[in-house]
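In order, the protein sequences belong to chains A and B. Okay, so the first sequence: first residue is 1 according to full-length UniProt numbering, each after it adds one. Okay, so the second sequence: first residue is 1 according to full-length UniProt numbering, each after it adds one. By construction, the Cβ of each residue, glycine as well, lies at the ideal position given by its N, Cα and C atoms.
There are 2 protein chains.
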Amino acid sequence: MIKDVARLAGVSHQTVSRVLNNHDSVRQETRERVLRAVEQLHFRPNALARGLARRRSGAIGVVSFDTLLYGPAATLLGVERAARRVGYGISIVAVERLDRDGLAEAVDQLVAQSVAGLVILAPVTTAVAAVRGLPVGVPAVVLESDQVDGLPSVSVDQRAGARLAVEHLLGLGHRTVWHLSGQPDWIEARSRIDGWRQSLAAAGRVAPPVISGDWSAQSGYAAGCELAARRDVTAVFCANDQQALGMLRAFRERGVRVPEDVSVVGFDDIPEAAYLSPPLTTVRQDFDEVGRRCLGQLLELLEPGERPAGAGHPAVAPTLVVRASTGPAPVRP
Amino acid sequence: MIKDVARLAGVSHQTVSRVLNNHDSVRQETRERVLRAVEQLHFRPNALARGLARRRSGAIGVVSFDTLLYGPAATLLGVERAARRVGYGISIVAVERLDRDGLAEAVDQLVAQSVAGLVILAPVTTAVAAVRGLPVGVPAVVLESDQVDGLPSVSVDQRAGARLAVEHLLGLGHRTVWHLSGQPDWIEARSRIDGWRQSLAAAGRVAPPVISGDWSAQSGYAAGCELAARRDVTAVFCANDQQALGMLRAFRERGVRVPEDVSVVGFDDIPEAAYLSPPLTTVRQDFDEVGRRCLGQLLELLEPGERPAGAGHPAVAPTLVVRASTGPAPVRP
DNA sequence: CGCAGGGATGTTATCGGTCACATTCGACGG
DNA sequence: CCGTCGAATGTGACCGATAACATCCCTGCG
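Structure, rendered in structure tokens:
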């Protein structure tokens, strides 16, 4: 195929290759002639051949999680967007169980495709453990995970997010804040628990027991039913918006008013958050930014010193979005 | 690499290739010897080389839409799952604008990767038009779209879904049903409008004017504000659950009770639907099934007569999930 | 004027597999 | 006993690009 172009342009195939890869040392006029031929034949270099010869394809492999949860999905989209903008394709392998074998299998599969780099979405503890023992052999970045030695990682600063939520609530006069956590084997769930606990401790408050959820609205509802029965609960920090949604439902059903009786804060700022009843105060994560920094880090490894503006700090700062689900602590009877 | 395996097994590289591709006419004993060597060397055939030689990679290209909307995201996941199960990888290109150029670009890019087949998620009218004029040259299936001549397509039967919603509401005694549509240039939005209108017509009811939304909770809220002002509205069919969510919010804010004053039906059955206030009656779409049938159709084209059970009908039937947001029509004052 | 040096281009090997065809060998029928 | 046939395996070309090295030609300098 490249030969057709070469023939039409009256040059060797190698010269065509040079033009396609913006090699210098091609005369301007020749370059134009070649480009014209490319245009005319509607030529697209075969990605497989190119990858084979270069020993590296133009794609970045993403190991992802077989889920529709908002966070992972948004992160994935962020990575895809960022990759697209810097000229990389992405090849996704969604894994059902993020354990040792599943992850190794996924990585193998991607390496067999000669991906240039790897993005590993490792939000659960088993995945982190698996990544630790993995001989990757390809530049890789870990997302939404704990530190894995040797591998750069990018994530939203969950502790900071939790702190925003807690401090907001304490600032409103609540004596303490309850917490409905995410699925316990998720790193983010743990970090939010940590952040919540630390913030309470820093303010000298007693932390109530953690209530364990699983990210679902269902678990938020269940927790809400429990908490509604207690008179001493005035503020709850939910580990994500879906859970908050379920909790709002439980409270309404049981006649607990939000925010008059209990304040609720979520996490994520899903697009619907502003339209719940009441509109949800929540911690916003910028997943696009995560994707961008992730690719920044990866490019640093792939093409050292090429792109100008570097990766930026690997921890993305969340922000608090105050809406109507939080209010002053009720006056004690 | 394959030569290393060949050497270790004491056979020619071609024999190794035969084993890897389950060719017959390899002695059982030889096969085992080769497999042992493969195991021992932890060998993985290079996907690029294989694809290059075969002129067809082991991946299916998916042209998708740069969005986080539940429907497309769920469909994508469904396709990914189905592909994984039949041993294909998927290569996704998310397009920002699904017009002629964007689509052609995406398809080109995927074809340059020698994808075995193409799945085109073409939910908007411009995309359909673009696909029509596209010289694809690769087996392709169109998803969530209108009929495109020549290309098989798979989608949920939107009209049937709308009918379920409308008939449910009429069955509850409502005289007519209002409709908040999705973004007007989406095929699904139009089909739901059609289905809604047809069902009303079939029952001899007058269809109120369509209210145009854009799938977002925000638009549902806006529409809700409008409708809340009218005394003659007793039933609304929203084109998706997000819109319904926004509408519920608007109604609550304005003191319109659901379902006592107005019944609301959504579409999609997002996981949160059961936990809205009130729990949302909605039309459930089985996106996994869409993915499965899509891949069934595609495999039919890729490997004719190989897989046993065929594709199944290309129209997936939605189901109605009745919850608490719908009820008997209020008695007229 | 001859030669070193570097820019522009061409030639050939190579990436890691598969494909098409050649070869070997044992079994079987005439 | 020999020719034929098909199963099992090997050989070399080829997929479509890039990499490494070779070549050519023009310029500048001693």
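- Between VAL154(B) and GLN297(B), the C-beta spacing is below 8 Å.
- Rounded to the nearest whole angstrom, the CA to CA distance from ASP185(B) to LEU134(B) is 20 Å.
- Residues of the region 199 to 218 of chain A with a C-beta atom less than 8 Å from some C-beta of chain B are SER216, ALA217, GLN218, listed in chain order.
- Contacts with chain A at 8 Å (Cβ-Cβ) include LEU77(B).
- In the three-state scheme derived from DSSP, where H, G and I count as helix and E and B as strand, LEU169(A) is classed as helix.
- At a Cβ-Cβ threshold of 8 Å, LEU295(A) and VAL86(A) count as neighbours.
- The DSSP-derived three-state label of LEU98(B) is coil.
- Just measuring C-alpha positions, the residue of ARG36(B), GLY161(B), VAL136(B) sitting nearest ALA239(B) is GLY161(B).
- Shown here, THR282(A) sits in a strand according to DSSP, grouped into three states.
- If you ignore the 5 residues before and after ARG159(A), its C-beta comes within less than 8 Å of the C-beta of SER191, ARG192, ASP194, GLY195, GLN198, all in its own chain and listed in chain order.
- In terms of beta-carbon proximity, ILE2(A) stays away from the interface with chain B, with every pair separated by 8 Å or more.
- Taking 8 Å as the cut-off between beta carbons, the residues of the region 266 to 289 of chain A near chain B are PRO271, GLU272, ALA274, TYR275, LEU276, SER277, PRO279, in sequence order.
- Not a single CB atom of chain B sits nearer than 8 Å to the CB of LEU121(A).
- Chain B places no beta carbon closer than 8 Å to that of ALA228(A), leaving this residue out of the contacts.
- With a cut-off of 8 Å on Cβ pairs, the region 273 to 291 of chain A is not in contact with the region 216 to 228 of chain A, counting fewer than three such pairs.
- A check of alpha carbon separations from SER181(A) across GLU303(A), VAL166(A), PHE237(A), ALA228(A) identifies PHE237(A) as the nearest.
- Three or more beta-carbon pairs separated by less than 8 Å are not found between the region 101 to 118 of chain B and the region 72 to 85 of chain B, which leaves the two stretches without contact.
- Taking C-beta atoms under 8 Å as the contact rule, PRO271(A) and ALA324(A) fail to qualify, at a distance of about 17 Å.
- Annotation: the continuous alpha helix (DSSP H) that includes PHE287(A) extends over 287 to 302.
- Residues of chain B with a Cβ closer than 8 Å to the Cβ of TYR221(A) are, in chain order, TYR275.
- Listed along the chain, the chain A residues whose CB falls inside 7 Å of the CB of ALA160(B) amount to none; the nearest CB is some 24 Å away.
- Against chain A, the CB of ALA130(B) has no partner CB under 8 Å away; the residue lies outside that interface.
- Note on the region 193 to 250 of chain B: whole beta strand (DSSP E) runs with a minimum of 3 residues are 235 to 238, in chain order.
- For GLN40(A), the closest alpha carbon among the candidates GLN14(A), ARG7(A), ASN22(A) is that of ARG7(A).
- In the three-state DSSP reduction, VAL26(B) falls in the coil class, being neither helix nor strand.
- Excluding the 5 residues flanking it on each side, ALA122(A) has same chain C-beta neighbours closer than 6 Å at VAL128, VAL131, VAL142, SER145, in chain order.
- For the 8 Å CB-CB criterion, ARG163(B) and SER114(B) do not form a contact.
- Within 8 Å of the CB of ALA94(A), the CB atoms of chain B belong to LEU77, GLU80, ARG81, ARG84, in sequence order along the chain.
- Looking at the backbone, the Cα of PRO314(B) and that of ARG293(B) are separated by about 7 Å.
- Considering only SER212(A), ALA201(A), ALA202(A), the residue with the shortest C-alpha distance to GLN183(A) is SER212(A).
- About 5 Å separates the beta carbons of VAL26(A) and ARG18(A), which is inside the 8 Å limit, making them a contact pair.
- Taking C-alpha positions only, ALA228(A) is separated from THR319(A) by approximately 28 Å.
- Among the residues facing chain A, GLN40(B) is not included, as its CB has no counterpart in that chain under 8 Å away.
- Nearest CB-CB separation between PRO45(A) and chain B: below the 8 Å threshold.
- Around the Cβ of VAL206(B), a 10 Å sphere holds fewer than 16 other Cβ atoms; the residue is exposed.
- Counting only Cβ-Cβ distances below 7 Å, GLY137(B) has no contacts in chain A at all, with the closest Cβ about 12 Å away.
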